[in-house]
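Visitor: I'd like to ask you about the structure that follows.
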Amino acid sequence: MAQVNESYGKLLAGYLFPEIGRRVQVFQESNPDAAIIRLGIGDVTLPLAPAVVDAMRAAVDEMATSEGFHGYGPDRGYDFLLDAIREHDYLARGVEIDSEEIFLSDGSKQDSGNIQEIFGVDCRIAVSDPVYPVYVDTNVMAGRTGDADDAGRYAGILYLPATEENGFVPDPPEERVDLVYLCSPNNPTGSVMSRESLERWVAWARQCDAVLIFDAAYDAFITDPELPRSIYQIEGSRECAIEMRSFSKRAGFTGVRCAYTVVPRELTGSTSSGERISLHSLWARRQSTKFNCVPYVVQRAAAAVFSPEGAKQTGEQVAYYMENARQIREGLRDSGFTVFAGIHAPYIWMRTPEGLSSWDFFDRLLSEAHVVGTPGSGFGPSGEGYFRISAFNSHENVDEALRRIAEVFGR
Ligand code: MLT
Numbered sequence: 003m004a005q006v007n008e009s010y011g012k013l014l015a016g017y018l019f020p021e022i023g024r025r026v027q028v029f030q031e032s033n034p035d036a037a038i039i040r041l042g043i044g045d046v047t048l049p050l051a052p053a054v055v056d057a058m059r060a061a062v063d064e065m066a067t068s069e070g071f072h073g074y075g076p077d078r079g080y081d082f083l084l085d086a087i088r089e090h091d092y093l094a095r096g097v098e099i100d101s102e103e104i105f106l107s108d109g110s111k112q113d114s115g116n117i118q119e120i121f122g123v124d125c126r127i128a129v130s131d132p133v134y135p136v137y138v139d140t141n142v143m144a145g146r147t148g149d150a151d152d153a154g155r156y157a158g159i160l161y162l163p164a165t166e167e168n169g170f171v172p173d174p175p176e177e178r179v180d181l182v183y184l185c186s187p188n189n190p191t192g193s194v195m196s197r198e199s200l201e202r203w204v205a206w207a208r209q210c211d212a213v214l215i216f217d218a219a220y221d222a223f224i225t226d227p228e229l230p231r232s233i234y235q236i237e238g239s240r241e242c243a244i245e246m247r248s249f250s251k252r253a254g255f256t257g258v259r260c261a262y263t264v265v266p267r268e269l270t271g272s273t274s275s276g277e278r279i280s281l282h283s284l285w286a287r288r289q290s291t292k293f294n295c296v297p298y299v300v301q302r303a304a305a306a307v308f309s310p311e312g313a314k315q316t317g318e319q320v321a322y323y324m325e326n327a328r329q330i331r332e333g334l335r336d337s338g339f340t341v342f343a344g345i346h347a348p349y350i351w352m353r354t355p356e357g358l359s360s361w362d363f364f365d366r367l368l369s370e371a372h373v374v375g376t377p378g379s380g381f382g383p384s385g386e387g388y389f390r391i392s393a394f395n396s397h398e399n400v401d402e403a404l405r406r407i408a409e410v411f412g413r
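Numbering-wise (this note's numbering), the sequence shown opens with residue 3 and increments by one.
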């Protein structure tokens with residue numbers, strides 16, 4: 003008899019976004035004429051930038067010739083893309099990363115879910131609360147937690163509340179943990195970590211020999227050039243941090259799939275007997291065993307994001323979404339809501355109206371305004387009473403959504 007992984011039984015509910023999709027589908031089926039506007043999942047809506055499409059087409063044409071055909075590629079990615087990442091995402095910001103420390107992948111969701119495999123099952127993890135659910139759920143699946151309590155907190159995980167009081171950026175904990183997931187700009191709260199905050203985290207991690215897993219999937223949305231875009235802009239981080247970045251939101255690749263993770267050579271973990279082991283070699287071993295990297299055509303498309311035209315066109319797309327974020331922030335404020343963020347992130351975090359839970363507000367917004375958002379409690383217990391609105395949609399849909407919200411909920 004094949005025994006199942008019983009840790010899956012501890013998971014509290016289905017994954018958040020399919021659950022939202024299910025509720026929206028049920029509503030649409032009984033209200034076929036409702037023109038629903040989706041500001042829930044953070045999925046891009048603009049078409050791929052022309053420079054990206056041209057590069058992808060050229061790569062497809064190459065693949066159709068015997069000389070230009072590519073089969074299995076190098077494990078970590080082709081040099082043309084790794085070198086472009088090294089130059090534009092790091093060197094241009096004064097950060098030295100070796101191309102061999104960069105591992106391409108088909109998404110930061112996958113990387114942030116898979117990375118826990120190279121750590122021992124007894125590692126204690128900490129997450130901010132609310133948090134991107136993948137960090138928590140994958141650790142539950144791996145057996146690194148006990149059951150969840152009534153509030154939805156899994157035993158064994160340290161939850162660091164991200165609240166209005168701390169600007170939704172928790173400080174390092176007093177107690178010992180081995181692995182901490184940080185996300186900045188943050189999904190879901192849209193908050194961003196300052197240099198000082200990142201420095202505190204790096205100093206703490208080095209002092210207590212912890213590893214920071216830094217998710218920078220939304221770095222392109224940072225509008226203040228003084229704010230760090232990479233954890234490696236902080237001194238000492240190479241000895242304590244893994245970083246993940248993605249082309250999904252910065253260049254519209256949610257359906258194309260390309261991201262990467264950086265694991266510096268200096269970074270080590272410990273065996274039970276105290277021997278230090280390179281995390282770079284463990285991740286290299288994991289990836290070469292379980293993954294054949296990203297298709298050649300996709301890597302060519304991703305490299306085009308760094309060309310002068312590609313950078314300009316994708317920058318304009320980011321600016322388009324950030325204009326939506328501004329409209330949403332101001333529109334919701336005008337309707338009497340208390341709103342946060344949306345300045346360095348494509349997400350607006352808002353308080354739900356008095357007396358409505360996150361899911362109550364989701365249901366009312368859907369049924370009365372025909373607008374979809376994401377309930378804050380879906381990201382963790384401290385998200386209760388909050389709601390996330392995504393800026394990924396057209397200007398026209400954002401205008402219309404705000405008009406409807408003002409009509410239903412406006413003061
Ligand atoms: C979100 O809406 O939180 C994101 O789109 C999820 C993801 O990037 O996987």
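Glycine residues also receive a C-beta, built at the ideal position from the N, C-alpha and C atoms.
Identify, in the order they occur along the chain, each residue of the same chain with its Cβ nearer than 7 angstroms to the Cβ of G145, setting aside the five sequence neighbours on each side.
Guide: S9 and V123
Visitor: Starting from the C-beta of S196, find all residues in its chain whose C-beta is less than 6 angstroms away, skip the five residues before and the five after it, and write them out in chain order.
Guide: none
Visitor: Hey, T376 and F394: beta-carbon distance below 9 angstroms or not?
Guide: In this structure, T376 lies away from F394, with their beta-carbon atoms at least 9 angstroms apart.
Visitor: Going by DSSP, name the residue or residues bridged to Y134.
Guide: Partner(s): none; Y134 has no beta bridge.
Visitor: Helix, strand or coil for G312, going by three-state DSSP, please let me know.
Guide: helix
Visitor: Would you say L368 and I38 are within 9 angstroms of each other, going by their C-beta atoms?
Guide: With a cutoff of 9 angstroms on beta-carbon distance, L368 and I38 are scored as near each other.
Visitor: Hey, would you say the C-beta of N189 is under 8 angstroms away from at least one heavy atom of the ligand MLT?
Guide: yes
Visitor: Please list the segments of the alpha helix (DSSP H) lying wholly inside the stretch 344-412, counting only runs of 4 or more residues, in order along the chain.
Guide: 360-366 and 397-411
Visitor: So, using beta-carbon positions, are V97 and Y322 closer together than 9 angstroms?
Guide: no
Visitor: I want to know whether the stretch 65-75 touches the stretch 328-344 - three or more CB-CB distances under 8 angstroms.
Guide: No, the stretch 65-75 does not touch the stretch 328-344.
Visitor: Indicate the three-state DSSP secondary structure (helix, strand or coil) for S275 in the structure shown.
Guide: coil
Visitor: Using only the alpha-carbon positions, how far apart do I391 and S32 sit?
Guide: 24 angstroms
Visitor: Can at least three beta-carbon pairs, one atom from the stretch 150-167 and one from the stretch 95-110, be found at a separation below 8 angstroms?
Guide: no
Visitor: With DSSP as the reference, identify every bridge partner of P227, one or two as the case may be.
Guide: DSSP lists no partner for P227.
Visitor: Please report the straight-line C-alpha distance between I120 and H90, rounded to a whole angstrom.
Guide: Taking the straight line from one Cα to the other gives about 28 angstroms.
Visitor: Inspect the CB distances between the stretch 238-246 and the stretch 260-280 and report whether three or more fall short of 8 angstroms.
Guide: yes
Visitor: Near V136, what residues of its chain come up, given a Cβ to Cβ distance below 8 angstroms and the 5 sequence neighbours on each side ignored?
Guide: K111, S114 and G115
Visitor: In angstroms with no decimal places, state the Cα-to-Cα distance between A60 and A53.
Guide: Cα to Cα, A60 sits roughly 11 angstroms from A53.
Visitor: Going by beta carbon distance, what residues of the same chain come within less than 7 angstroms of V400, once the five residues before and after it are set aside?
Guide: N326, Q329 and I330
Visitor: Under 8 angstroms Cβ to Cβ from I279, same chain only, skipping five residues before and after it: list those, please.
Guide: The answer, listed in chain order, is T270, G271, S272 and T273.
Visitor: At which residues does the beta strand (DSSP E) containing P163 begin and terminate?
Guide: L160 to P163
Visitor: Comparing C-alpha positions only, which one of L229, P190 and D151 sits nearest to S199?
Guide: L229
Visitor: Given a cut-off of 9 angstroms on the beta-carbon distance, is the pair S193 and A150 in contact?
Guide: no
Visitor: Quick test of the definition: if touching needs 3 or more C-beta pairs under 8 angstroms, does the stretch 11-18 touch the stretch 126-141?
Guide: Cβ pair count under 8 angstroms is three or more, so yes.
Visitor: Can you determine whether any heavy atom of the ligand MLT sits closer than 8 angstroms to the C-beta of S250, and answer yes or no?
Guide: yes
Visitor: Looking at F19 and the ligand MLT, is the gap between the Cβ and the nearest heavy atom below 8 angstroms?
Guide: yes
Visitor: Could you please give me the residues that DSSP links to I215 through a beta bridge?
Guide: For I215, the pairing in a beta bridge is given by DSSP as Y183 and I244.
Visitor: Per DSSP, Y156 forms a beta bridge with which residues?
Guide: A150
Visitor: Roughly how many angstroms lie between the CA atoms of G387 and H282, to the nearest whole one?
Guide: 40 angstroms
Visitor: What is the C-beta distance between V299 and V62, in whole angstroms, given that I count them as a contact (C-beta under 8 angstroms)?
Guide: 6 angstroms
Visitor: Taking contact to mean 3 or more Cβ pairs, one atom from each stretch, closer than 8 angstroms, check whether the stretch 216-227 and the stretch 339-349 are in contact.
Guide: yes
Visitor: Exposed or buried, what is M352 when buried is set at 16 or more other beta-carbons lying within 10 Å of its beta-carbon?
Guide: buried
Visitor: Can you tell me which residues form a DSSP beta bridge with F342?
Guide: Paired residue(s): W351.
Visitor: In whole angstroms, what separates the C-alpha of R413 from that of S130?
Guide: 33 angstroms
Visitor: Within a Cβ cutoff of 6 angstroms, which residues of the same chain sit near Y1, ignoring the five residues on either side of it in sequence?
Guide: The structure shown does not extend to residue 1, since the chain is modelled only from 3 to 413, so the question has no answer here.
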